[in-house]
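K.L.:
A single structure is presented below for examination.
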Amino acid sequence: MITGILKRDGYSIGKNTVQRIMHRFNLQCRVKQKRQNLYRGKEALVANNVLDRNFKATRPLEKLSTDITYLPLGETNLYLSSIMDLYDGQIIAYTIGTIQDIEFVSNTANQLPEIMSEFIIQMDQGSVYTSRAYQTLIQNKGITIRMSSKGTPADNAPIESFHASLKSETSTDLQN
1 MITGILKRDG
11 YSIGKNTVQR
21 IMHRFNLQCR
31 VKQKRQNLYR
41 GKEALVANNV
51 LDRNFKATRP
61 LEKLSTDITY
71 LPLGETNLYL
81 SSIMDLYDGQ
91 IIAYTIGTIQ
101 DIEFVSNTAN
111 QLPEIMSEFI
121 IQMDQGSVYT
131 SRAYQTLIQN
141 KGITIRMSSK
151 GTPADNAPIE
161 SFHASLKSET
171 STDLQN
């Protein structure tokens, strides 16, 4: 990230040079602490993970992936809910909001086109995705739900990677 900022400001410097300078001055990047899940509510509705990290799709709308991420905006955060078509990596639906709740992710799901054949949507086990209301909405659209193993973002890697890239490429723009 520091290398990107320096390049944006007109400096020609490689990441190894930045790393060496930071090491020389004993500078370290902040490491995000892993949040502990303290949810003790009702038992969630969890679906099996049949994708098993097989993200290849042979046709559009065969396999989808969805997730929520936060976007820091000054003193506050916005949330991005997006759905990716694993056939070509395109984001085919998204919603930006200030609260992540059932209505928020439902707005994203309602942007999906009418489905002519069965397809699968992969998601994590977040509370909005395991809610009965969201799962009913998805199933009423004829979509098969599959969920990542708990605490395993690699099971939903394509959308996680997209969100990470989006945040790293826009972090300084959003914070200013």
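Numbered according to the UniProt record's numbering, the sequence shown spans residues 1 to 176.
Beta carbons: idealized from backbone N, C-alpha and C, even for Gly.
So for Lys63, helix, strand or coil by DSSP?
P.N.:
DSSP places Lys63 in strand when its eight states are reduced to three.
K.L.:
For Val128, which residues in the same chain have their Cβ closer than 8 Å to its Cβ, ignoring the five residues on either side in sequence?
P.N.:
Within the same chain, Val128 has close Cβ partners Ile68, Gln100, Asp101, Ile102, Phe104, Val105 and Tyr134.
K.L.:
Suppose the cutoff is 6 Å on Cβ atoms and the five residues either side in sequence are ignored; what does the same chain contact list for Ile92 look like?
P.N.:
Within the same chain, Ile92 has close Cβ partners Ile83 and Asp85.
K.L.:
Taking a contact to mean a Cβ-Cβ separation below 8 Å, would you say Thr95 touches Asn107 in this structure?
P.N.:
Closer than 8 Å, so yes.
K.L.:
Under DSSP, the alpha helix (DSSP H) around Thr3 begins and ends at which residues?
P.N.:
Run containing Thr3: Ile2 to Arg8, per the alpha helix (DSSP H) assignment.
K.L.:
To which residues does DSSP link Ala93 through a beta bridge?
P.N.:
DSSP output for Ala93 lists Ile83 as bridge partner(s).
K.L.:
Only counting runs of 4 or more residues, tell me where the alpha helix (DSSP H) segments fall wholly within the segment 116-174, in order along the chain.
P.N.:
Runs found: 132-140.
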